[in-house]
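Asks:
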Amino acid sequence: MEKRLRMAESQMCVDNEGLANDIMELHNDQHETWKDTRAIKSALKYHRNLTRNQNNWVNPVPRVPSSYWISNGYDDNEVEDMKALVRNIREETSHMRLDGLDGRILLRVPTADQLIIPHDAAFLLYWKEFADALDEYGYYINQSSRLDNIHTELHISGIQLPTQVLELLEDALEYNCFKEICLECNGGGRDIISFVRKVLEGNMYLEQLCLMGNPIESDHDFNELVNAISDHSSLKQLGLPSSCRDLDYNTLISIFSQCEQLILIDLSHNNIITMGNTFLGNFLGTNSTLELLDLKDNNLIDFDAKSIARALATNNTLCYLDVRDNNLTDIGRGELLNAVFNSKSLNTVADSNHPCEINCDSEWIV
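This is the structure in structure tokens:
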């Protein structure tokens with residue numbers, strides 16, 4: 358009987374090893390298919406655009422005259438903002454088509470008195486050229502032997518992104534190789550979440566994602582985002598500052614339980630109230646992946662600090678925690694201090710010698 362059990366166990370090990378090899382081969386095949394699809398899609402667009410007149414190919418859309426903005430009711434400051442955005446889009450389009458492989462694409466316009474530059478129909482042609490250049494740029498980088506050494510980034514800040522623009526960018530980023538995407542103050546809403554989900558599905562290289570100041574309006578949208586992140590093994594850093602202020606805490610914490618591959622999570626400025634829920638402390642007590650956690654400017658209280666402090670006794674992975682601008686008193690801060698360095702005696706110093714740096718209001722706890 359024991360001999361048959363050992364034989365069965367041995368066969369199971371062989372079968373499991375074979376299954377693991379099959380899964381690895383399937384993953385490699387999927388990755389190669391993804392690369393082939395990316396290359397074909399972008400090469401067609403790249404070579405199509407090479408057939409244009411060389412001068413016009415770089416930036417074929419003419420500038421919008423000031424009279425257009427004035428006739429559409431924009432004041433002087435708004436006109437300057439609109440013209441600055443057009444310049445920025447044109448410059449980045451030219452940069453992608455002419456200036457080589459530095460990997461950083463940045464659309465950010467300091468405004469005179471607006472937090473977000475509103476969309477205007479006149480921008481669509483510029484966005485179309487920008488999206489085409491983005492696609493071509495991705496193809497160019499993907500063909501470069503330096504791909505692994507280039508940190509490719511796309512940042513779009515303070516610019517409204519309506520559905521038409523998001524669809525253009527979504528198509529350009531499909532099968533693209535950008536490693537970091539940051540969308541900051543673009544209007545938020547369901548369209549942003551749908552865009553991010555599709556980008557995650559189509560970009561296997563993405564490592565960092567930030568949605569700063571883009572409100573997630575419902576638990577359903579947040580769950581959709583979490584599901585997309587949990588399926589993306591390459592994504593390691595997630596920033597959602599000022600994006601989850603209207604979400605239920607029990608919904609928000611799903612980012613911890615379902616996205617275990619993340620090493621950085623930024624949930625600052627989100628009005629988080631735990632209501633005595635100890636999930637965060639329980640999670641940190643057993644997690645062995647998360648290295649940086651930003652909880653600045655929320656509504657954590659001493660009870661939460663005590664829960665986190667207890668977790669640090671068994672967590673040796675977390676190396677940075679930011680809890681500034683919460684509702685902590687000296688009692689809560691003392692709990693955190695003792696968790697990482699309790700100077701009461703040599704024994705307590707040894708027991709609390711924790712590598713985590715805690716930024717707590719104006720004090721650093723190391």
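If you're matching positions, the sequence shown starts at 358 in my numbering and goes up one per residue. Quick reminder that beta carbons are idealized off the backbone N, C-alpha and C, glycines included. In this text the structure is predicted, and so the values were computed from the model without any measurement.
#1: Checking the sheet assignment: what are the DSSP bridge partners for R465?
#2: What number of angstroms, rounded off, separates the C-alpha of G495 from the C-alpha of E531?
#3: Grab me the residues of C601's own chain with a C-beta within less than 6 angstroms of its C-beta, minus the 5 sequence neighbours each way, in chain order.
#4: Just verifying my parser: in three-state terms, what is the DSSP assignment at L566?
#5: I think S611 touches N580, with their Cβ atoms under 8 angstroms apart; what is that distance to the nearest whole Å?
#6: At a cut of 8 angstroms, does the stretch 586–597 reach the stretch 559–575 through at least three beta carbon pairs?
#7: Identify, in the order they occur along the chain, each residue of the same chain with its Cβ nearer than 6 angstroms to the Cβ of T671, setting aside the five sequence neighbours on each side.
#8: Span of the beta strand (DSSP E) holding G596?
#9: Tell me the rounded alpha-carbon separation between S514 and C713.
#10: Take the Cβ of N644 as the centre, count every other Cβ of all protein chains shown within 10 Å, and call the residue buried at 16 or more, exposed below.
#11: Skipping 5 residues on each side, what residues in its chain have a beta carbon closer than 6 angstroms to that of L491?
#12: Alpha carbon to alpha carbon, what distance is there between C542 and H452?
#13: Name the one or two DSSP bridge partners that L678 has.
#14: If you measure between the beta carbons of L694 and D659, is that distance less than 8 angstroms?
#15: Could you please give me the residues that DSSP links to E541 through a beta bridge?
#16: Kindly indicate which three-state DSSP category L755 falls into: helix, strand or coil?
#17: Give me the Cα-Cα distance between S587 and I630, rounded to the nearest whole angstrom.
#18: Which same chain residues, not among the five before or five after M439, have their C-beta less than 6 angstroms away from its C-beta?
Replies: The structure says:
#1: What you label residue 465 is simply residue 108 of the sequence shown in a count that begins at 1. The partner list for R465 (beta bridge, DSSP) reads S514.
#2: By 1-based counting over the sequence shown, the position of residue 495 is 138. By 1-based counting over the sequence shown, the position of residue 531 is 174. Cα to Cα, G495 sits roughly 10 angstroms from E531.
#3: Numbered from 1 along the sequence shown, position 244 holds the residue referred to as residue 601. Around C601: I573, L609 and N627.
#4: Position 209 of the sequence shown, counting from 1, holds the residue named residue 566. Of the three classes helix, strand and coil, the one that applies to L566 here is strand, per DSSP.
#5: Mapped onto the sequence shown, residue 611 falls at position 254. Mapped onto the sequence shown, residue 580 falls at position 223. Indeed they touch by this definition, with Cβ atoms about 7 angstroms apart.
#6: yes
#7: Numbered from 1 along the sequence shown, position 314 holds the residue referred to as residue 671. Cβ neighbours of T671 beyond the five flanking positions: G642.
#8: Against the sequence shown, residue 596 aligns to sequence position 239. Start and end: Q594 to G596.
#9: Position 157 of the sequence shown, counted from the first residue, corresponds to residue 514. Position 356 of the sequence shown, counted from the first residue, corresponds to residue 713. For S514 and C713, the distance between alpha carbons rounds to 32 angstroms.
#10: One-based indexing of the sequence shown puts residue 644 at position 287. Answer is buried; the Cβ neighbour count reaches 16.
#11: On the sequence shown, position 134 is the one that residue 491 refers to. Excluding sequence neighbours, L491 sits near A529.
#12: Your numbering for residue 452 matches position 95 in the sequence shown. Your numbering for residue 542 matches position 185 in the sequence shown. Going from the Cα of H452 to the Cα of C542 covers about 24 angstroms.
#13: Indexing the sequence shown from 1 puts residue 678 at position 321. The partner list for L678 (beta bridge, DSSP) reads L650 and I715.
#14: In the sequence shown, the residue the question calls residue 694 occupies position 337. In the sequence shown, the residue the question calls residue 659 occupies position 302. Taking 8 angstroms as the Cβ cut-off, L694 and D659 do not qualify as a contacting pair.
#15: What you label residue 541 is simply residue 184 of the sequence shown in a count that begins at 1. Answer is S514 and M569, bridged to E541.
#16: With the chain running from 358 to 723 in the structure shown, residue 755 is simply not present.
#17: Locating residue 587 in the sequence shown gives position 230, where the first residue counts as 1. Locating residue 630 in the sequence shown gives position 273, where the first residue counts as 1. Those two C-alpha atoms are separated by around 24 angstroms.
#18: For this step, residue 439 is matched to residue 82 along the sequence shown. Hits under 6 angstroms: W426.
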